[in-house]
Structure formats: structure tokens, C-alpha cells
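These notes concern the structure reproduced below.
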Amino acid sequence: MQQTALNLIAIGVFGMTLSALLGPMFNLSPAIPAVATLSVLSLATLDSFRFQGRGATLLLDWLASASGQHRDRILRHEAGHFLVAYFLGIPITGYTLTAWEAFKQGQPGLGGVTFDSAGLSTGTLAVGEMRLTLERFCTVWMAGIAAETLVYGSAEGGVEDRQKLTEALTSLGRPISELQIKERWATRQAHTIIEEHWASYEALVEAMKQRASVTECYQIIQQHCQN
């Protein structure tokens, strides 16, 4: 989010220039817009270089939360991650649905579903086991995009998810040409899992909307699998 804060600084500079030009038309003292703009620029600069853009993240997420569809997209996106991780046997350690919730839990950015990713960092797995583990995580990372696409026909989120997949593959020496192929494959896999367990997915969305615990979400998924 540093880039976001820097973008806000650029907007502040533009605003200061515009206010200086239009101020005389409205009999505004040049000091008023200058002081206001300088204050905004100072806060944005401090946030960017001291707090890694967290303030900008909180502000932008708060503004976006006014849109009901934005909140629903985030909810359904994260529920996709949760559901697919559950069925692929990847332990879920928690989830957040807003930047403020993520901030309170000490997570960067907008938060989301967090997993126990020890399997990706261990050096004790055989090559075949590592391949299967990587494929499972790739599918989970693409599950948010798959869920959004199923519900809305397209996905607005997923930038960080794609970045995680790219970093994982490149760290293992996979060629760049494989990235898009793996991304499409993982998205299809996640898409299929969500469709096959649609009743569980819809129940999970409602549970996460009420901020049910991870254990409660597990139980809700299990209940709907049995129905």
C-alpha cells in the first residue's frame, strides 16, 4: 500500500495547485488551502514511510465499505478461500473481512483468510509431495477469484493471491511460462470444488458474515455436507 499513499500525495499536490488557482475566485486566503494540503501531505508521507501505508489502507477500505456490493464481494471472495482450503485439508488459522479487523490482528493490508503454510516451507517433503502441496495451495489462492467469478461473472479482487502464486512458483525455479497455465488450472480446480459444495459455500458465507469462529465455520461446512 505504499504506492497508494504515494498516489494520495500526488493527489494532494494537485489539490494544492488547483486551490491556489481557484482560491481568489472564492475570496479564500491562500493560507487556508495551503495549510490543509500540507497537513494531508505530511500525514500521507508519514503513513507511507513509517507505517507502510496502513493508514491509507484503512481509509480506502472504509470508504469502499459504504458499498454493499463491495462488502459482499470481499465476503464471498474470502469464503471461497476458506471452503477450498477446508476440502483440500489445509488448516485455517483465522480470517478477517476488513482492513480494520486485519489491523487489530496485526495483519498487513486488507487481511483475508490465513492458513498454516508450513508445508510449503519444509525441506523434508519428497519432490512428489511438494508438487501436490504446491498444487493445493495454488488452488486455494485462486479460490477467491473463482468464487467471485461464479457469483458475479468477474473478479475484482485477487491481486495479492496471484502474487502469492507467482512468488511460490518462482521460488521453486518454475519458468515464467508456467505461471498463467498454473493459474488457470488452479482457478478451474477451485471453481469445481465450490460448485460441488455450493450449499456449504452459501452457509459458510452467512456464517462468516456473522463473524463465526473458524471452528464454527468448520462445523457448518460439515453439517451441509451431510445434508
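Residue numbers (the numbering used here): 4 to 230.
Every residue, glycine too, gets a C-beta built ideally from N, C-alpha and C.
Assuming residue i and residue j are in contact, meaning their beta carbons sit under 8 Å apart, how far apart are those beta carbons, in whole angstroms?
i: alanine 82; j: leucine 175; result: Alanine 82 to leucine 175, Cβ: 29 Å. No contact.
i: leucine 86; j: leucine 100; result: About 15 Å separates the two Cβ atoms, so there is no contact after all.
i: phenylalanine 90; j: serine 120; result: About 17 Å separates the two Cβ atoms, so there is no contact after all.
i: isoleucine 197; j: alanine 149; result: 6 Å
i: cysteine 228; j: histidine 200; result: 7 Å
i: alanine 193; j: threonine 142; result: 5 Å
i: histidine 2; j: glutamate 151; result: Residue 2 lies beyond the stretch modelled for the chain, which goes from 4 to 230, so this question has no answer here.
Give the straight-line distance between the Cα atoms of residue i and residue j, rounded to the nearest whole angstrom.
i: arginine 76; j: histidine 84; result: 13 Å
i: leucine 168; j: glutamine 226; result: 31 Å
i: tyrosine 155; j: lysine 185; result: 23 Å
i: glycine 114; j: glycine 97; result: 10 Å
i: arginine 191; j: tyrosine 204; result: 16 Å
i: arginine 134; j: serine 157; result: 29 Å
i: leucine 182; j: histidine 73; result: 28 Å
i: proline 178; j: glutamate 138; result: 16 Å
i: leucine 172; j: alanine 102; result: 27 Å
i: glutamine 222; j: alanine 202; result: 13 Å
i: arginine 165; j: serine 180; result: 14 Å
What is the residue span of the beta strand (DSSP E) that residue i lies within?
i: isoleucine 95; result: 95-98
i: threonine 117; result: 116-118
Sort the options by Cα distance to residue i and report the nearest one.
i: threonine 136; options: Leu78, Thr96 and Gly92; result: Gly92
i: valine 217; options: Thr152, Arg165, His73 and Ile95; result: Ile95
i: tryptophan 188; options: Ala146, Tyr204 and Leu153; result: Ala146
i: leucine 153; options: Thr195, Leu182, His73 and Ala102; result: Thr195
i: alanine 88; options: Trp144, Glu132 and Ala202; result: Trp144
For the alpha helix (DSSP H) that residue i lies in, which residues bound it at each end?
i: glutamine 183; result: 180-199
i: glycine 160; result: Glycine 160 -> no alpha helix (DSSP H), and no H or E assigned at all.
Using a Cβ distance threshold of 8 Å, determine whether the stretch 201-216 contacts the stretch 156-165, with at least three qualifying pairs required. no
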